[in-house]
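> Mind having a look at this structure? Questions to follow.
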Amino acid sequence: MEPYTLVLVVFGVAILAVAWLPSVLEHYPLSYPIVFIIGGWAFYQFPLGLPDPRPTSHPELATHLTELCVIVALMGTGLKIDRRFRWRTWKLPLRLVWLTMTVTILVFAGLNWWWGGWPLATALLLGAALAPTDPVLAGDVQVGDPNEGKEDTVRFALTAEAGLNDGLAFPFVYLAIGLATATSATLPTTLTTWVWNDLLYRVGMGVLGGWLSGRLLSYLIFGLPQRISIKTSAYGFVALAVTLFSYGITEMLHGYGFLAVFVAAITIRSYERTHEYHEYMHAFSDQIERILIALLLLLFGGSLALGLLDSLQWIDALMGVLLVFVIRPLGGWLTLHRAGAYGLERWVVASFGIRGIGSFFYVAYALQQAPFANPERIWALTGWIVLLSICIHGALATPVMKYLDRQMARPVGKSVS
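If you want my numbering, it's the position in the sequence shown, counting the first as 1, plus 596.
Here it is as structure tokens:
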């Protein structure tokens, strides 16, 4: 059998599985990403002539595949949030982004530099890449479909955080790139450029570009059908068009396209909030996202089979455990004081910062922009933490969220704290 034909068969099986597995596993402490990773690992145990899945072998392809998956996920994430944007009602996810994530980045980077022996630039890259909550693989702890009403404090906070945190993670990625290429003579200029360009301008342009494209496309989506007849089945393609347009335009203006896509989705969602078009657009985005997830997780499993973790050192493995079990949960619990989540909710929000496809993108992108030392070890640590997060959070998400739902359904005065 030709390798190309075999790839088609494997991918076809994966697409079928991604259609059924979420429903089959809905009531079990197991998420479908775990199954796909195991499947990818198993396929690459045999000499089938499958292509090399390791990101070190195809860095540009790894960058663009993960990039596409993240922006599609961000559109779907924004479209399913029912709550209007208000500083007061969005206080919890905003706190998660500007404080919790910043603390996580700095603490993890500091430990990697001081204890792990990484160069400062590489340590900062690892902190920036592995601190954000992933918009792709956090679906089990996110809100339901548009207008479904399944939007409690925990699900809303984790969903909105996953959409917003790229706007602050990317500046730290650029800071790591700048430090990797700077000398003692150019360091002041590098830091000044980072503050004005990579932090202030790019974030501002990401928000502005997303809002403007969202407003423009809202008119086309909801105003144009009043003049001409457009089939509702076409609105899935509209969602993909909005995603690519918002991202591309903002990137052309040197803003953060990830942030722009999420802001555009929120802007469109706030226009005719209960319209059925939101459901069509979200459903199509979700289907495309799941196909991309299936592909990337199979490749991730194959990468594990071919030795992605071979360069992992014991200190790196321990750092990954600390990030998942200590740094994010404890840092989140401390920084969420008086932010709107209390007791059990506060611990769940603090603990479920899931790492995933976004982390792969940041690492792949940065390694193409600057000469970071020991890229194989960087990929090994990143892969280890993503694997650990998918397994632990994937196993705990369903029982924890069900337990939380039962506690929230109790009469007032009987909730568990």
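Using N, Cα and C, we set each Cβ at its ideal position, and we do this for glycine too.
For clarity, every value in this text was computed on a predicted model and none was experimentally measured.
Taking the alpha-carbon positions, what's the VAL605 to PHE639 distance?
Each residue's Cα considered, the two are about 12 Å apart.
> How is ALA937 classed by DSSP in three states: helix, strand or coil?
Coil.
> Is GLU622 closer than 9 Å to THR994 when the C-beta atoms are compared?
Yes, they are a contact pair.
> Measure the CB-CB distance between ARG951 and ASP730 and report whether it falls below 9 Å.
Yes, the pair counts as a contact, with Cβ atoms nearer than the cut-off.
> Would you tell me roughly how many angstroms separate the C-alpha atoms of ARG934 and ALA669, rounded to the nearest one?
Whole-angstrom Cα-Cα distance: 30 Å.
> Helix or strand or just coil, what does DSSP make of ARG650?
Residue state, collapsed to three classes: coil.
> Enumerated in chain order, which unbroken segments of the alpha helix (DSSP H) with a length of 4 residues or greater are wholly contained in the region 836–890?
853–865, all fully within the region 836–890.
> Would you report the Cα separation of LEU1028 and PHE854, rounded to the nearest angstrom?
It is not possible to answer for residue 1028, since the shown part of the chain is limited to 597 through 1013.
> Return the residue from the list GLU875, TYR831 and VAL945 that minimises the CA-CA distance to ASP748.
Residue VAL945 is the option with its Cα nearest to ASP748.
> Would DSSP call ARG684 helix, strand or coil?
ARG684: coil per DSSP, three-state reduction.
> Return helix, strand or coil for SER627, following the three-state DSSP convention.
It is coil, neither helix nor strand.
> Taking all protein chains shown into account, do 16 or more other C-beta atoms lie within 10 angstroms of the C-beta of TRP975, making it buried, or fewer, making it exposed?
Flag for TRP975 reads buried.
> Measure the CB-CB distance between TYR624 and ASP762 and report whether it falls below 9 Å.
In this structure, ASP762 does not lie closer than 9 Å to TYR624 by Cβ.
> Can you tell me the Cβ-Cβ gap for VAL737 and LYS746, rounded? I've got them flagged as a contact below 8 Å.
The Cβ separation is near 12 Å, so there is no contact.
> Do you know whose CA, among GLU847, GLY774 and LEU926, lies nearest LEU963's CA?
Among GLU847, GLY774 and LEU926, the Cα nearest to that of LEU963 is on GLY774.
> Out of curiosity, what's the CA-to-CA distance linking THR863 and MET801?
Their Cα atoms are separated by approximately 15 Å.
> Applying the criterion that 16 or more other CB atoms from any shown protein chain within 10 Å of the CB defines a buried residue, is GLY1009 buried or exposed?
Its pLDDT being 49, under 50, GLY1009 is placed unreliably by the model, and nothing is read from it.
> Could you check how far apart the C-beta atoms of LEU720 and PHE768 are, in whole angstroms? I think they sit under 8 Å.
So it is a contact: roughly 6 Å between Cβ atoms.
> Among the candidates ALA765, VAL799 and VAL703, whose CA atom is the shortest distance from the CA of LEU919?
Checked all of ALA765, VAL799 and VAL703; the closest Cα to LEU919 is VAL703.
> When DSSP labels each residue in this structure, what does TRP637 get in the three-state scheme?
Reduced to three states, the DSSP call for TRP637 is helix.
> Which whole runs of the alpha helix (DSSP H) in the region 668–756 are 4 residues long or more, in chain order?
Complete alpha helix (DSSP H) runs here, min 4: 687–691, 697–710 and 716–726.
> Could you give the DSSP three-state label for GLN965: helix, strand or coil?
GLN965: helix per DSSP, three-state reduction.
> Just to confirm, are LEU754 and ALA734 a CB contact at a threshold of 9 Å?
Taking 9 Å as the Cβ cut-off, LEU754 and ALA734 qualify as a contacting pair.
> Looking at the unbroken alpha helix (DSSP H) that takes in GLU972, where does it start and where does it end?
Counting along the chain, the alpha helix (DSSP H) containing GLU972 begins and ends at 971–1004.
> Kindly say whether VAL739, judged by its beta-carbon, lies nearer than 9 Å to any beta-carbon of chain C.
The structure shown contains no chain C, having only a single protein chain.
> Please look up how many angstroms separate the CB atoms of SER809 and PHE766, rounded, as I've assumed it's under 8 Å.
With 8 Å as the limit, SER809 and PHE766 do not qualify as a contact, their Cβ atoms being about 18 Å apart.
> Excluding the five sequence neighbours on either side, which residues of its own chain have a C-beta within less than 6 Å of the C-beta of VAL1012, listed in chain order?
Reliability fails at VAL1012, whose pLDDT of 43 lies under 50, so the model's placement of it is uncertain and no value is given.
> Taking all protein chains shown into account, do 16 or more other C-beta atoms lie within 10 angstroms of the C-beta of SER780, making it buried, or fewer, making it exposed?
Classification of SER780: exposed, given that the 10 Å Cβ count is below 16.
> Would you kindly check if the distance between the Cβ of PHE607 and the Cβ of LEU894 is under 9 Å?
For LEU894 and PHE607, yes; Cβs fall inside 9 Å.
> DSSP state of ALA610, grouped into three classes?
Residue state, collapsed to three classes: helix.
> Closest to PHE833 by C-alpha separation, out of PRO643, PRO629 and MET671, would be which residue?
Minimum Cα distance to PHE833 is reached at MET671.
> Can the beta-carbon of GLY928 be found closer than 9 Å to that of GLY949?
In this structure, GLY949 lies closer than 9 Å to GLY928 by Cβ.
> Measure the CB-CB distance between GLY990 and VAL666 and report whether it falls below 9 Å.
Their beta carbons are not under 9 Å apart, which means GLY990 does not touch VAL666 by this criterion.
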